[in-house]
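Novice: The structure is given below, and queries will be raised subsequently.
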Amino acid sequence: MSSADDSVVVRLVTEDDKDGWQRLWRSYQDFYKVSFPNELDDFNFERFLDPTVKMWAAVAVNGSSGEVIGMINFFSHMSTWDFKDKIYINDLYVDGNSRVKGVGRKLIQLVYEEADKLETPSVYWCTDESNYSAQLLYTKIGYKAHKTIYKRNGY
Numbered sequence: 001m002s003s004a005d006d007s008v009v010v011r012l013v014t015e016d017d018k019d020g021w022q023r024l025w026r027s028y029q030d031f032y033k034v035s036f037p038n039e040l041d042d043f044n045f046e047r048f049l050d051p052t053v054k055m056w057a058a059v060a061v062n063g064s065s066g067e068v069i070g071m072i073n074f075f076s077h078m079s080t081w082d083f084k085d086k087i088y089i090n091d092l093y094v095d096g097n098s099r100v101k102g103v104g105r106k107l108i109q110l111v112y113e114e115a116d117k118l119e120t121p122s123v124y125w126c127t128d129e130s131n132y133s134a135q136l137l138y139t140k141i142g143y144k145a146h147k148t149i150y151k152r153n154g155y
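Each step along the sequence shown adds one to the number in UniProt numbering, with nothing skipped, and position 126 is 126.
Here's what the structure looks like:
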């Protein structure tokens, strides 16, 4: 098993990353068996590039091929539990051929670094209970909070 070494570059998205990000965003939807309107792709990507919006995306790029092989979307929000904002990782997806090679770890590490720059070091995320392979990574770079998420019916 090879790892994500210097040949994988992680960085915040630029306008040039839209096609690669969008391909993975749609694969991510397929993975979770959901489908969002195509207009949401453009809406989200515009927000990622807008410096007035506290929502970002980053990509992992194969340094040899230039192909986008991973993406992560995250945003900042206020909390009544702290004076500082929190960072929520909304989406993380790595192309199937690039999994278990350190790409996901590098993407999350980028979010940690961005959070530190923003002086909002509290970063959290959730995953499906059945996503065991992702949890193998998550328990190495974070801890499992003992919380249960509830959602409004129908949404």
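Cβ coordinates follow ideal geometry from the N, Cα and C atoms, glycine included.
Which same chain residues end up closer than 6 Å to residue 144 when comparing Cβ atoms and leaving out the 5 residues on each side of it in sequence?
Specialist: Hits under 6 Å: none found.
Novice: Quick one: grab the DSSP three-state call for residue 76.
Specialist: Residue state, collapsed to three classes: strand.
Novice: Taking its Cβ as the centre, do 16 or more other Cβ atoms sit within 10 Å of residue 17, making it buried, or is it exposed?
Specialist: Buried, by the Cβ-count rule.
Novice: Checking 9 Å against the spacing of the C-beta atoms, do residue 134 and residue 96 come in under that value?
Specialist: No, Cβ-Cβ distance for residue 134 and residue 96 is not below 9 Å.
Novice: Apart from the five residues on each side of it in sequence, which residues of its chain come closer than 8 Å, Cβ to Cβ, to residue 2?
Specialist: Residue confidence for residue 2 is low, a pLDDT of 49 falling below 50, so the modelled location carries little weight; the figure read from the coordinates is stated next. So the qualifying residues of the chain are 101.
Novice: From the DSSP output, in three-state form, read off residue 88 for me.
Specialist: It is a strand residue.
Novice: Enumerate, from N- to C-terminal direction, the unbroken beta strand (DSSP E) stretches of 3 or more residues contained entirely within the UniProt domain "N-acetyltransferase" (8-155).
Specialist: Listed in chain order, they are 8-12, 55-62, 68-77, 86-94 and 123-125.
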